[in-house]
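Q: Sharing a structure with you now.
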Amino acid sequence: MSNKEKFIAEVEAGYTFKGASIVLGGAMLDATPLQSVQVKVPLRTLNRHGLIAGATGTGKTKTLQVIAEQLSGAGVPTLLMDVKGDLSGVAMPGSDHPKIVERCGHIGISWHPTGNSVEFLTLSGEKGTRLRATVSEFGPVLFSRILGLNDTQGGVISVVFKFCEDNGLPLLDLKDFKKVLQYLGNEGKEAIEAEYGQFSAATAGTILRKVVELEQQGASTFFGELSFDVQDLCRIDENGRGVISIVRLTDIQDRPKLFSTFMLQMLAEIYASFPEEGDPEQPKLCIFIDEAHLVFQEATDALMQQLEAIVKLIRSKGIGLFFITQNPTDIPDSILAQLGLKVQHALRAFTAKDRKAIKLAAENYPITSYYQTEDLLTQMGIGELYQRP
Ligand SMILES: Nc1ncnc2c1ncn2[C@@H]1O[C@H](COP(=O)(O)OP(=O)(O)O)[C@@H](O)[C@H]1O
Ligand SMILES: [Mg+2]
24 MSNKEKFIAE
34 VEAGYTFKGA
44 SIVLGGAMLD
54 ATPLQSVQVK
64 VPLRTLNRHG
74 LIAGATGTGK
84 TKTLQVIAEQ
94 LSGAGVPTLL
104 MDVKGDLSGV
114 AMPGSDHPKI
124 VERCGHIGIS
134 WHPTGNSVEF
144 LTLSGEKGTR
154 LRATVSEFGP
164 VLFSRILGLN
174 DTQGGVISVV
184 FKFCEDNGLP
194 LLDLKDFKKV
204 LQYLGNEGKE
214 AIEAEYGQFS
224 AATAGTILRK
234 VVELEQQGAS
244 TFFGELSFDV
254 QDLCRIDENG
264 RGVISIVRLT
274 DIQDRPKLFS
284 TFMLQMLAEI
294 YASFPEEGDP
304 EQPKLCIFID
314 EAHLVFQEAT
324 DALMQQLEAI
334 VKLIRSKGIG
344 LFFITQNPTD
354 IPDSILAQLG
364 LKVQHALRAF
374 TAKDRKAIKL
384 AAENYPITSY
394 YQTEDLLTQM
404 GIGELYQRP
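Count along the sequence shown from 1, add 23, and you get the number used in the working numbering.
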């Protein structure tokens with residue numbers, strides 16, 4: 024058996040699964056696509072989460088689209104976080120350009136452009152269904168993050184939330200929250216200290232100023248009673264295709280803390296309101312977080328714990344989470360370890376630090392006689408990716 028025949032046999036054996044699957048692309052050996060040898064992912068594994076990594080411009084967002092479209096075709100709804108505004112294209116049928124038809128022939132897939140059922144969601148003034156959440160729904164950890172508070176200040180926030188919960192005070196919007204803080208820093212100080220211990224009026228004052236700053240950034244529109252039910256994310260259209268919901272985040276991308284926290288709030292809400300599913304044949308919903316490094320930027324310990332717990336537990340609700348980022352090292356180890364599917368696009372080695380990161384990324388994959396993983400990671404072209412079953 025030639026080296027090529029051996030490779031084909033191994034790939035075919037490795038990517039033959041029971042049950043439905045989606046196609047990532049055609050297998051390649053020595054930079055040449057092999058006809059009709061496909062790299063696939065079984066649908067039943069997609070609630071084990073995933074990572075799509077690679078340098079800027081190597082095809083991560085395109086891969087995300089390819090996966091989301093196939094999921095839609097299989098009746099699985101998806102939620103895409105569109106940070107750069109380059110995901111809206113999935114609403115349009117693709118073109119059957121001769122180049123694409125030729126390429127599909129090489130890979131051995133038949134592909135027909137189809138339109139998708141797409142629903143746009145927005146956090147701000149852009150067109151689409153408006154997402155909002157109440158301050159209570161955010162909870163103390165996420166609300167502290169939005170305000171950029173330190174641990175001591177975060178502790179005060181926790182007490183305020185507890186006080187409101189115990190006393191049946193609703194915290195709907197920022198106005199409600201300011202009123203409660205003002206009250207607790209003045210005439211309510213005694214009441215809260217009697218039950219919850221010392222309450223620093225000075226810290227309350229600092230927090231109040233931060234809330235005002237947040238309002239000045241135009242954040243008031245994000246807070247308020249929910250106008251959106253997360254169960255709506257699980258719709259199937261009249262052709263049996265899963266609806267693709269796209270959250271447009273472009274107009275607030277200069278405020279990463281705000282939107283990444285909103286994203287986390289949404290995950291928490293989804294986690295809280297979906298029933299247990301065990302390990303279903305196919306996921307109930309898949310969520311793709313593009314530019315995921317923003318989620319982990321400046322994350323506090325409390326936030327990381329919350330996120331880790333959600334990633335771990337949301338799986339049994341039949342929900343798959345996919346993080347899209349430049350380097351696997353952008354994602355904390357505790358979360359990285361929970362991501363089943365790892366799709367790696369090319370990495371670029373400009374600095375010594377880059378080379379180290381590439382070495383680390385390569386070490387995550389088993390050794391093979393067909394190529395040097397480390398070299399492959401830097402040599403792949405746009406749209407080419409590395410994946411192991
Ligand atoms: N499989 C592919 N075939 C052809 N062109 C591709 C493919 N994947 C990506 N591209 C093109 O490469 C460019 C960068 O892709 P993109 O997915 O936006 O990269 P990233 O998200 O990694 O920055 C885009 O213009 C896209 O159309
Ligand atoms: Mg991208």
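All C-beta atoms, glycine included, are put in the ideal place defined by N, C-alpha and C.
Considering just the uninterrupted stretch of the beta strand (DSSP E) at ILE312, what are its terminal residues?
A: 308-312 is the extent of the beta strand (DSSP E) around ILE312.
Q: Exposed or buried, what is ALA380 when buried is set at 16 or more other beta-carbons lying within 10 Å of its beta-carbon?
A: It counts as buried.
Q: Among GLU188, GLN61, GLY343, whose alpha-carbon lies nearest the alpha-carbon of LEU94?
A: Checked all of GLU188, GLN61, GLY343; the closest Cα to LEU94 is GLY343.
Q: Who are the Cβ neighbours of SER25 in its own chain at under 8 Å, not counting the five residues just before and after it?
A: Around SER25: no qualifying Cβ.
Q: Go through its chain and collect everything with a Cβ distance to ILE293's Cβ below 6 Å, but skip five positions before and after it.
A: Same-chain partners within the cutoff: VAL253.
Q: Counting pairs of beta carbons, one from the segment 27-45 and one from the segment 314-329, are three or more of them closer than 8 Å?
A: The segment 27-45, when compared against the segment 314-329, does not touch it at the 8 Å Cβ threshold.
Q: By the three-class DSSP mapping on this structure, what secondary structure does GLN61 have?
A: Residue state, collapsed to three classes: strand.
Q: If distances are taken between C-alpha atoms only, which option among PHE311, LEU170, LEU359, PRO306 comes closest to SER268?
A: If we check each option's Cα against that of SER268, PHE311 comes out closest.
Q: Consult DSSP for TYR393 and reduce its assignment to one of helix, strand or coil.
A: If DSSP states are grouped into helix, strand and coil, TYR393 belongs with coil.
Q: Where does PHE373 land, buried or exposed, given buried means 16+ other C-beta within 10 angstroms?
A: Its Cβ having fewer than 16 others within 10 Å, PHE373 is exposed.
Q: With a threshold of 7 Å on Cβ separation, who are the neighbours of ILE31 within its own chain once the five nearest residues in sequence on each side are excluded?
A: If we look at ILE31 and ignore the five residues flanking it on each side, its Cβ neighbours are LEU57, VAL60.
Q: Using DSSP with H/G/I as helix, E/B as strand and the rest coil, what is GLN288?
A: It is helical.
Q: Does the segment 152-161 come into contact with the segment 219-228, if we say contact requires no fewer than three beta-carbon pairs (one atom in each stretch) closer than 8 Å?
A: At 8 Å Cβ cutoff, the stretches do not touch.
Q: Could you spell out where the beta strand (DSSP E) holding GLN367 opens and where it closes?
A: Segment 364-367, the beta strand (DSSP E) holding GLN367.
Q: Which class does GLY73 belong to by DSSP, given the choice of helix, strand or coil?
A: Reduced to three states, the DSSP call for GLY73 is strand.
Q: Going along the chain, which residues of its own chain have a beta-carbon closer than 8 Å to the beta-carbon of LYS107, five neighbours each way excluded?
A: Around LYS107: THR84, THR273, GLN276, ASP313, GLU314.
Q: Roughly how many whole angstroms lie between the Cα atoms of LEU370 and LEU408?
A: Cα to Cα, the separation comes out at about 10 Å.
Q: What residue ranges within the segment 88-118 form continuous beta strand (DSSP E) runs of no fewer than 3 residues, ordered along the chain?
A: As far as the segment 88-118 is concerned, its whole beta strand (DSSP E) runs of at least 3 residues are 101-105.
Q: Taking all protein chains shown into account, decide if LEU336 is buried (16 or more other Cβ within 10 angstroms of its Cβ) or exposed.
A: By the 10 Å Cβ count, LEU336 comes out exposed.
Q: Measuring alpha carbon to alpha carbon, tell me which of LYS63, ALA97, LYS280, GLY220 ends up nearest PHE49.
A: The identity of residue 49 in the sequence shown is Gly, whereas the question assumes Phe. Among LYS63, ALA97, LYS280, GLY220, the Cα nearest to that of GLY49 is on LYS63.
Q: With distances taken from each beta carbon to the nearest heavy atom of ligand 1, which residues come in below 5 Å, in chain order?
A: Those satisfying the condition are, in chain order, THR79, GLY80, THR81, GLY82, LYS83, THR84, LYS85, ILE405, GLY406.
Q: For LYS6 and VAL183, what's the separation of their Cα atoms in angstroms?
A: No answer is possible for residue 6: the residues shown for the chain start at 24 and end at 412.
Q: Going straight from the alpha carbon of VAL318 to that of GLU28, what length do you get?
A: Going from the Cα of VAL318 to the Cα of GLU28 covers about 44 Å.
Q: For LEU154, which three-state DSSP category applies?
A: Note: LEU154 maps to coil in three-state DSSP.
Q: Taking only the alpha-carbon atoms, compute the straight-line gap between ASN387 and PRO193 and give it to the nearest angstrom.
A: Cα to Cα, ASN387 sits roughly 48 Å from PRO193.
Q: Would you say the beta carbon of ILE377 comes nearer than 7 Å to a heavy atom of ligand 2?
A: Checking the sequence shown, residue 377 turns out to be Asp, not Ile. Result no, Cβ not under 7 Å from ligand 2.
Q: Compute every distance between the C-beta of ASP105 and the non-hydrogen atoms of ligand 2, then say whether any falls below 7 Å.
A: No, the Cβ of ASP105 stays beyond 7 Å of every heavy atom of ligand 2.
Q: How would you label ASN139, buried or exposed, when you count the other beta carbons within 10 angstroms and need 16 or more for buried?
A: Buried.
Q: In terms of alpha-carbon separation, which member of ALA375, LYS340, VAL334 lies closest to PRO355?
A: It is VAL334 whose Cα lies nearest to the Cα of PRO355.
Q: Ignore the nearest five residues each way along the sequence and tell me which others in THR101's own chain have a CB closer than 6 Å to its CB.
A: For THR101, where only same-chain residues beyond five positions count, the Cβ hits under 6 Å are ALA91, LEU94, ILE267, CYS309.
Q: Along the chain, where does the alpha helix (DSSP H) containing GLY37 start, and where does it finish?
A: 26-37 is the extent of the alpha helix (DSSP H) around GLY37.
Q: In terms of residues, what are the limits of the beta strand (DSSP E) holding SER44?
A: Unbroken beta strand (DSSP E) run through SER44: 44-52.
Q: Helix or strand or just coil, what does DSSP make of PRO298?
A: Coil.
Q: Quick one, are the C-beta atoms of GLU188 and GLN288 less than 8 Å apart?
A: Not in contact: GLU188 and GLN288 (Cβ atoms no closer than 8 Å).
Q: Starting from PHE246, follow its DSSP beta bridges and name the residues at the other end.
A: Paired residues: ALA156.
Q: Using a 10 Å radius around the Cβ and a threshold of 16 neighbouring Cβ atoms, would you call GLN410 buried or exposed?
A: GLN410 should be labelled buried.
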